[in-house]
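**Student:** In the numbering used here, the protein residues as written are 1386 to 1570.
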């Protein structure tokens, strides 16, 4: 992996607003690496790439969903599509083939059952980074993240599920599977 090329690509791709969030995710993820002993290089790359395609036009996202042969459920669904597209671009353009990094980016929005440590760190860092607008249980999830990563992920997933139910929005199967997985542990 050519880190300079990756960082340059990210810098050219992200908006200024997205760079602030991404830096917050990177900082939180590296802090959690120190606590849980995860691979810092992998975590840092996943953190800076996780939102590469967040905020892009629906037309561009839909075009990339088709280009990378992603599931049709990602058409007109930017909240779910952006992570899948980012992972596909990372593999195609940035030549990243580490499945742990790619999965961390691909599933950072929904989570999934049996996430790796790196996947959990990116998932929770995205949810709790310090620039994140307040939402129910955010402070509790932040507290849990530094003591029990699994419990933090479970609480974050529950919060997401509750929000989506209250908003009458579809809950992705991966989110439900991830929540069940943590409940059964």
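Think of the CB as a built atom: it goes at the ideal place given N, C-alpha and C, for glycine as much as any other residue.
Which two residues bound the contiguous alpha helix (DSSP H) that contains residue 1403?
**Tutor:** First-last of the alpha helix (DSSP H) with residue 1403: 1401 to 1421.
**Student:** Taking 7 Å as the limit between beta carbons, can you name the residues of its chain near residue 1557, skipping five residues before and five after?
**Tutor:** Cβ within range, chain order: 1465 and 1495.
**Student:** With C-beta atoms as the reference, is residue 1473 less than 8 Å away from residue 1566?
**Tutor:** The answer is no: Cβ separation not under 8 Å.
**Student:** Rounded to the nearest angstrom, how far is the Cβ of residue 1446 from that of residue 1467, given a contact under 8 Å?
**Tutor:** Right, their Cβ atoms sit about 7 Å apart.
**Student:** Hey, would you say residue 1431 sits closer than 8 Å to residue 1526, going by beta carbons?
**Tutor:** The answer is no: Cβ separation not under 8 Å.
**Student:** Any contact between the segment 1401 to 1414 and the segment 1512 to 1519? By contact I mean 3 or more CB pairs, one from each, below 8 Å.
**Tutor:** Contact holds: three or more Cβ-Cβ distances are below 8 Å.
**Student:** Fully enclosed by the segment 1474 to 1524, which alpha helix (DSSP H) runs are 4 residues long or longer?
**Tutor:** Qualifying alpha helix (DSSP H) stretches, in chain order: 1484 to 1491 and 1502 to 1513.
**Student:** Using a Cβ-Cβ cut-off of 8 Å (strictly less than) and excluding sequence neighbours within five positions of residue 1568, which residues of its own chain qualify?
**Tutor:** So the list reads 1539, once near-sequence residues are dropped.
**Student:** Rounded C-beta distance between residue 1507 and residue 1489? I'm assuming under 8 Å.
**Tutor:** So it is a contact: roughly 4 Å between Cβ atoms.
**Student:** Have a look at residue 1386 and residue 1428 and give me their C-alpha separation to the nearest angstrom.
**Tutor:** Near 13 Å, if we compare the C-alpha coordinates of residue 1428 and residue 1386.
**Student:** Which first and last residues belong to the alpha helix (DSSP H) in which residue 1362 is found?
**Tutor:** Missing from the structure shown is residue 1362; the chain here goes from 1386 to 1570 and no further.
**Student:** Could you pull out every residue in the same chain whose Cβ sits closer than 7 Å to the Cβ of residue 1511, ignoring the five residues on either side in sequence?
**Tutor:** Within the same chain, residue 1511 has close Cβ partners 1410, 1435 and 1493.
**Student:** Taking the alpha helix (DSSP H) that residue 1442 falls in, what are its first and last residues?
**Tutor:** Neither: residue 1442 is in no alpha helix (DSSP H) and is coded neither H nor E.
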